[in-house]
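Chemist: Let me begin by handing over the structure; questions about it come next.
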Amino acid sequence: MDVKTAFLNKNLEKEVYMDQPEGFVVAEKEHLVCKLRKSIYGLKQASKQWYLKFNDIKTSYSFVEVIVDRCIYVKICGSKFMMLVLYVDDILFAANDMGMLHDAKKYLSKNFEMKDMGKASYVIGIEIFRDRSQGLLNLSQKGYINKICERYKMEKCSAGIA
Numbered sequence: 001m002d003v004k005t006a007f008l009n010k011n012l013e014k015e016v017y018m019d020q021p022e023g024f025v026v027a028e029k030e031h032l033v034c035k036l037r038k039s040i041y042g043l044k045q046a047s048k049q050w051y052l053k054f055n056d057i058k059t060s061y062s063f064v065e066v067i068v069d070r071c072i073y074v075k076i077c078g079s080k081f082m083m084l085v086l087y088v089d090d091i092l093f094a095a096n097d098m099g100m101l102h103d104a105k106k107y108l109s110k111n112f113e114m115k116d117m118g119k120a121s122y123v124i125g126i127e128i129f130r131d132r133s134q135g136l137l138n139l140s141q142k143g144y145i146n147k148i149c150e151r152y153k154m155e156k157c158s159a160g161i162a
């Protein structure tokens, strides 16, 4: 899922002022500045503000942050398990119960304008292959490895034991 305008969702904690935007300068008041009320793209606080807003929402839905990676969240209800991975403004879900998955998407969509991108097949440079009939999930960085091999002129190297 993709969160639209993710960085524009949170009020600022500290006062931030900016010059009047080009094309919106008020005649005879050119010396005045604008006080921002919300984050905008390019603002150094924007990503932190987005993270804090998302953190509030996911906590209210009983997701727990994984200690080793603060962008991974889990929710466990009996035998039902769901994982949520947040990468900038993209969300990847993994769950063993479709009802739980749909409820989480619905809840997040109430709080953020989101677009469902469908089943993920490629995320942050990792290819995802599924075989649900056999219960298999394969993650591959073959494309990344090939790119590195090309960069260092090692395309023709053979595998060896390290």
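Residue numbering for the sequence shown follows the UniProt record's numbering, starting at 1 and increasing by one per position. Cβ atoms here follow ideal geometry from the backbone N, Cα and C, with glycine treated the same way.
1. Measuring CA to CA, which of Val26, Lys53 and Tyr17 is closest to Arg37?
2. Does the pairing of the stretch 47-67 with the stretch 105-115 give three or more beta-carbon distances under 8 Å?
3. Going by DSSP, what residues sit across from Met83 in a beta bridge?
4. With a cut-off of 8 Å, do at least 3 Cβ pairs link the stretch 58-74 to the stretch 8-25?
5. From Ala143 to Gly42, what does the alpha carbon distance come to, in whole angstroms?
6. Can you tell me whether DSSP reads Ile161 as helix, strand or coil?
7. Helix, strand or coil for residue 163? Go by DSSP, reduced to three states.
8. Arg151 lies in the alpha helix (DSSP H); which residues open and close that run?
9. Can you give the Cα-Cα distance for Met117 and Cys149, rounded to whole angstroms?
10. Pull up the distance between the alpha-carbon of Met154 and that of Ile145, whole angstroms please.
Modeler: With the given structure in hand:
1. Here residue 37 refers to the residue found at position 37 when the sequence shown is read from its first residue. Of the listed residues, the one whose Cα sits closest to Arg37 is Tyr17.
2. yes
3. If you number the sequence shown from 1, residue 83 lands on position 83. Partner(s): Val74 and Ala94.
4. no
5. Locating residue 143 in the sequence shown gives position 143, where the first residue counts as 1. Locating residue 42 in the sequence shown gives position 42, where the first residue counts as 1. Checking the sequence, you will find Gly at residue 143 rather than Ala. In a straight line, the C-alpha of Gly143 is about 31 Å away from that of Gly42.
6. Within the sequence shown, the letter at position 161 stands for residue 161. If DSSP states are grouped into helix, strand and coil, Ile161 belongs with coil.
7. Outside the displayed span of the chain (1 to 162) sits residue 163, for which this structure offers no information.
8. Residue 151 sits at position 151 when you count from the first residue of the sequence shown. Lys142 to Arg151 is the span of the alpha helix (DSSP H), which, as asked, contains Arg151.
9. Stepping through the sequence shown from its first residue, residue 117 is reached at position 117. Stepping through the sequence shown from its first residue, residue 149 is reached at position 149. Whole-angstrom Cα-Cα distance: 31 Å.
10. Position 154 of the sequence shown, counted from the first residue, corresponds to residue 154. Position 145 of the sequence shown, counted from the first residue, corresponds to residue 145. Cα-Cα distance, rounded: 10 Å.
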